[in-house]
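Protein chains in written order, with the numbering used here: chain W, 1 to 604; chain P, 1001 to 1346. Remarks on the structure that follows.
In structure tokens form, the structure reads like this:
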């Protein structure tokens, strides 16, 4: 590039290209030769070295998303293998394969081919089992990953869109799971499809049309299996892979969030480079996830369709449960009271089915997807956040999260009300009624308890920073009093406990402006101020240097937890709170000779 | 030094920036790196190397074992595995060898990374996500310039017709899909295979039931005569399945139920009015029918009224009688739609 021309546009990206060099000799030359051949044609060297140098922070909870990603790969691999033998057809045949108990029984080709995969294809059963276990692992890891992202506040700006993509992925994943386990056309999954047809019928006005369109006529028909197959192997995987790609690209663009700690700021990312550390760690982790899935598939039977038998609309098994991720929807169906079906003007409005089956799931996901936007409106925080919150430092958010989880879990366990009744020997009616009450009572309670626990943990952090750690060294004073010396926290440890921001609710603007003219706040502003003060109420702020200094040197700076018993003179107290180590050994006991009465609060 | 009054609630963080102290603590920066034993001791490093190599070696052996098992183990072979029970030998061995082959690669790679690869943390800078102001302005200008170069604003006819064309082009695809998906239900959901005079047949077996053979307290799963020869037997069974229960006539509390039955023998639709599962569990002592899917409970002595659970409507009753030979037959088709509710069922 001559110095007189300024690089413009695409040419600018090439400005600092290195001139081709004479390749070295030997093995290095071959690699270099191939690499420069590729780079000459793609310019891949720069983005590749950028990616290989990319730094990722290390934490076990960051591996949850990785488990989801790797399960997806396992699902694609084993799923492709399964399609070579699976016949997506509801056409009826008579079974004559090697599983003796079902010989001579009429069944669909889908069911027969699943039996063949399980009994007549070498290694077919292990592939089926890995596929099903990986599906459960996929949905579990997505859910727990979502919890991690929520409780650490990783969804905040600039990652709101990625959170929305994640919630859609989660929704797609559980529906992908449902379409998958419905394919073998066994008695259990057929019962699930029967219920799904009932859900369609419950849609007001157009329900019966929806059901007939979906099933190509009356249930079960012969269309649903091939249609579900296309949805399961083409439509949903394409959507999942597309959104997953966007998800992971955004992770790279945003750079990974990190937990707070010494040296970790909102403007950097501290960890290890992709090459070689994460190449080995993440690559190795893929094999570990795959290996554990294979281990489960080897040792634990999953979905033994040969025990259920082929689908027959007149038969049913007791203890019919869907796969775990559909449990909450099934639980909602079990808990929603029957009196919510109405006859109006000769039409039937079946809310007892419509709401739990077709409203609850999208509603929960919409609330989840909207949460980042709601929270940033409430807190008024529009800054970028790359440093994660410790869950205790956002007590309201953590409380709301646990509230949502408790709601979800009650629905989930309600889907097993019959199993619980059998295992515990209790009345199914009592269990169901209890769950109905719990669904209303437990979530608010869970919110309150969680928030209080978070605040207690915050106070414990404050206590630790202010008074240090119990050293186990007990000192006896001249007048015979004992107290334990506390050691102050090392600076690096302390920083993690004091790095968070103090809380500030959104305030209402003054109702009078600078010129004294009335400026009434709108209803929206008032609501926002109210919600914001709810969000930040009872906030516990981090220790400041002044507070720490005061705790060391000034008796009155004791924690509010311990106030109310402040009868002793000022100079006493600082030392008893681990203060002994702040003074030279020589005068450690000097001030104790005043003859003041012993402090009954000091021994902690 | 702050006065005690000001500091009375220090847990609320009111003590800030007094006495020349900063308002907040400052970040001490990355803690010093602590070297691992393999960094300092070549023997430890060699030990780690051997461990990693051993794991990779075991993986190779497991892969070979998988291949051997694949070709040698009979698919019909079963083995007793303690804690698991009877299991397909092929599945267990293939799964375990595959798991070992994969796990050893993974564990080896992670062990390698943790013991031998550099563990000094590095920091990479972040930059604000937004583009620079110039870049933003440039983007806006490019779009605006493109917009005016295309003369879209100046030539509204193009704008509106393009909008119309783009708005409509997907319609044929949607109509094709929606129109081809399935037939309209018509009256199909409200009718079943049952006709007057059809015999009640045992399911399975399809043999007729003599009224005199039905003892009090017994229960039969029933299908209409000839349903297995119908054009769509599964679809017909999905609506026509019936459960036949014989009660002591004195237990029946509803006159209509008694009249539609035969000497205490009553027939009800087996398809749950909630979402359509077969109501398969009958409790003889309480005369309750329970749906195993969502636990709707119907009281057979009260015309199958819902006494618990998420269903609202009672199970429809099939009016039965006996024919000349004493076999149970339908006296009439179902008088209402069976199965889950839908809008126009009325």
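In this text, a Cβ means the ideal position worked out from N, Cα and C, and glycines have one as well.
For residue 1336 of chain P, count the other beta carbons within 10 Å of its own beta carbon; 16 or more makes it buried, fewer makes it exposed. Which is it?
In the second chain, residue 1336 of chain P corresponds to position 336, counting from 1. Exposed, by the Cβ-count rule.
Closer than 8 Å to chain P by CB, residue 213 of chain W
By 1-based counting over the first chain, the position of residue 213 of chain W is 213. So yes, residue 213 of chain W belongs to the interface.
So, is the C-beta of residue 45 of chain W closer than 8 Å to a C-beta in chain P?
Working through the first chain from its first residue, we reach residue 45 of chain W at position 45. Not one chain P Cβ lies under 8 Å of residue 45 of chain W.
Once DSSP output is grouped into helix, strand and coil, what is the label at residue 266 of chain W?
By one-based count along the first chain, residue 266 of chain W stands at place 266. DSSP places residue 266 of chain W in coil when its eight states are reduced to three.
Extract the residue ranges of the beta strand (DSSP E) inside the stretch 329-390 of chain W, only unbroken runs of 3 or more that lie entirely within it.
341-344, 347-350
Only counting runs of 4 or more residues, tell me where the alpha helix (DSSP H) segments fall wholly within the stretch 227-299 of chain W, in order along the chain.
236-254, 279-299
Can you have a look at residue 1253 of chain P and say buried or exposed, based on whether 16 or more other CB atoms are within 10 angstroms of its CB?
What you label residue 1253 of chain P is simply residue 253 of the second chain in a count that begins at 1. Residue 1253 of chain P is exposed by the Cβ-count criterion.
Indicate whether at least one CB of chain W lies closer than 8 Å to the CB of residue 1103 of chain P.
Translated into the one-based positions of the second chain, residue 1103 of chain P becomes position 103. With 8 Å as the cut-off, residue 1103 of chain P counts as an interface residue toward chain W.
Please report the Cβ distance between residue 313 of chain W and residue 220 of chain W, rounded to the nearest whole angstrom; I am assuming they are in contact, meaning their Cβ atoms lie under 8 Å.
Here residue 313 of chain W refers to the residue found at position 313 of the first chain. Here residue 220 of chain W refers to the residue found at position 220 of the first chain. So it is a contact: roughly 6 Å between Cβ atoms.
At which residue ranges does the stretch 1083-1118 of chain P contain complete beta strand (DSSP E) runs of 3 or more residues, listed in the order of the chain?
1085-1088
When you check each C-beta in the stretch 1257-1280 of chain P against every C-beta of chain W, which residues fall closer than 7 Å?
1270, 1274, 1275, 1276, 1277, 1278, 1280
Heavy atom of the ligand GTP within 7 Å of residue 1214 of chain P beta-carbon
As far as ligands go, the structure on display features none, and thus does not contain the ligand GTP.
Below-8 Å beta-carbon distance, residue 545 of chain W vs any chain P residue
The residue labelled residue 545 of chain W in the question sits at position 545 within the first chain. Yes - at least one Cβ of chain P is within 8 Å of the one on residue 545 of chain W.
Proximal residues of chain P, C-beta to C-beta of residue 259 of chain W below 7 Å
Within the first chain, residue 259 of chain W is the residue found at index 259, counting from 1. Residues of chain P passing the Cβ test: none, with the nearest at roughly 13 Å.
Could you name the residues of chain P that residue 194 of chain W contacts, counting a contact when the two beta carbons are closer than 8 Å?
Counting from one through the first chain, the residue named residue 194 of chain W turns up at place 194. The answer, in chain order, is 1238, 1275, 1276, 1277.
Buried or exposed for residue 254 of chain W, going by 16 or more other Cβ atoms inside 10 Å?
Locating residue 254 of chain W in the first chain gives position 254, where the first residue counts as 1. Residue 254 of chain W is buried by the Cβ-count criterion.
Separation of residue 41 of chain W from residue 1034 of chain P, as counted between CA atoms:
Against the second chain, residue 1034 of chain P aligns to sequence position 34. Against the first chain, residue 41 of chain W aligns to sequence position 41. If I take the Cα positions, the gap works out to 44 Å.
For residue 486 of chain W, decide whether its Cβ has a neighbour in chain P, counting only Cβ atoms nearer than 8 Å.
Numbered from 1 along the first chain, position 486 holds the residue referred to as residue 486 of chain W. Output row for residue 486 of chain W: interface = no.
Residues of the stretch 165-184 of chain W in Cβ contact with chain B at a cutoff of 8 Å, in chain order, please.
Absence of chain B from the displayed structure is noted, the protein chains being W and P.
For residue 1078 of chain P, the residue or residues it bridges with in DSSP
Along the second chain, read from residue 1 onward, the residue named residue 1078 of chain P stands at position 78. Paired residue(s): P/1088.
Exposure label - residue 234 of chain W; buried when at least 16 CB within 10 Å
Here residue 234 of chain W refers to the residue found at position 234 when the first chain is read from its first residue. By the neighbour-count rule (16 or more Cβ atoms within 10 Å), residue 234 of chain W is not buried but exposed.
Tell me which residues share the same chain as residue 365 of chain W and place their Cβ nearer than 6 Å to its Cβ, disregarding the 5 neighbours each side in the sequence.
What you label residue 365 of chain W is simply residue 365 of the first chain in a count that begins at 1. Excluding residues within five positions, the ones whose Cβ falls inside 6 Å are 167, 171.
Using 10 angstroms around the beta-carbon of residue 1198 of chain P, count the other beta-carbons present and answer buried if the total reaches 16, otherwise exposed.
Along the second chain, one-based indexing puts residue 1198 of chain P at 198. Classification of residue 1198 of chain P: buried, given that the 10 Å Cβ count is 16 or more.
I'd like to check one pair, residue 183 of chain W with residue 248 of chain W: are the Cβ atoms closer than 8 Å?
Along the first chain, one-based indexing puts residue 248 of chain W at 248. Along the first chain, one-based indexing puts residue 183 of chain W at 183. It is not a contact, given that the beta carbons lie outside the stated cut-off.
Would the stretch 392-401 of chain W count as touching the stretch 268-275 of chain W if we require 3 or more Cβ pairs under 8 Å?
no
Rounded to the nearest angstrom, what separates residue 1191 of chain P and residue 1238 of chain P at their Cα positions?
On the second chain, position 191 is the one that residue 1191 of chain P refers to. On the second chain, position 238 is the one that residue 1238 of chain P refers to. Roughly 12 Å between the two C-alpha positions.
So what's residue 138 of chain W in DSSP terms, helix, strand or just coil?
Sequence index remark: in the first chain, residue 138 of chain W carries index 138 (1-based). Residue 138 of chain W falls in the helix class under three-state DSSP.
Residue from P/1129, P/1108, P/1217 whose Cα sits closest to the Cα of residue 1249 of chain P
Locating residue 1249 of chain P in the second chain gives position 249, counting from the first residue. With distances taken between Cα atoms, residue 1249 of chain P lies closest to P/1217.
Short check: CB of residue 610 of chain W to CB of residue 1126 of chain P, under 8 Å?
For chain W, the structure presents residues 1 to 604; residue 610 of chain W sits outside this window and is missing.
Where do the ends of the alpha helix (DSSP H) carrying residue 1061 of chain P lie?
Here residue 1061 of chain P is taken as the residue at index 61 of the second chain, counted from 1. Per DSSP, residue 1061 of chain P belongs to the alpha helix (DSSP H) from 1042-1072.
Nearest chain W C-beta to residue 1106 of chain P closer than 8 Å, yes or no?
Within the second chain, the letter at position 106 stands for residue 1106 of chain P. Chain W contact via Cβ: present.
Alpha carbons only, please: which of W/60, W/155, W/488, W/439 is nearest the one belonging to residue 462 of chain W?
As a first step, residue 462 of chain W must be located in the first chain, where it is residue number 462. Checked all of W/60, W/155, W/488, W/439; the closest Cα to residue 462 of chain W is W/488.
Spatial neighbours of residue 543 of chain W in its chain, beta-carbon cut-off 7 Å, leaving aside the 5 residues before and after
One-based indexing of the first chain puts residue 543 of chain W at position 543. If we look at residue 543 of chain W and ignore the five residues flanking it on each side, its Cβ neighbours are 462, 465, 466, 498.
Rounded straight-line distance, which links the Cα of residue 1308 of chain P to that of residue 429 of chain W
Counting from one through the first chain, the residue named residue 429 of chain W turns up at place 429. Counting from one through the second chain, the residue named residue 1308 of chain P turns up at place 308. One C-alpha to the other measures close to 7 Å.
Quick check on DSSP: helix, strand or coil for residue 504 of chain W?
Here residue 504 of chain W refers to the residue found at position 504 of the first chain. Three-state DSSP puts residue 504 of chain W in coil, outside helix and strand.
Alpha helix (DSSP H) runs contained entirely in the stretch 464-550 of chain W, provided each spans 4 or more residues:
491-498, 523-536
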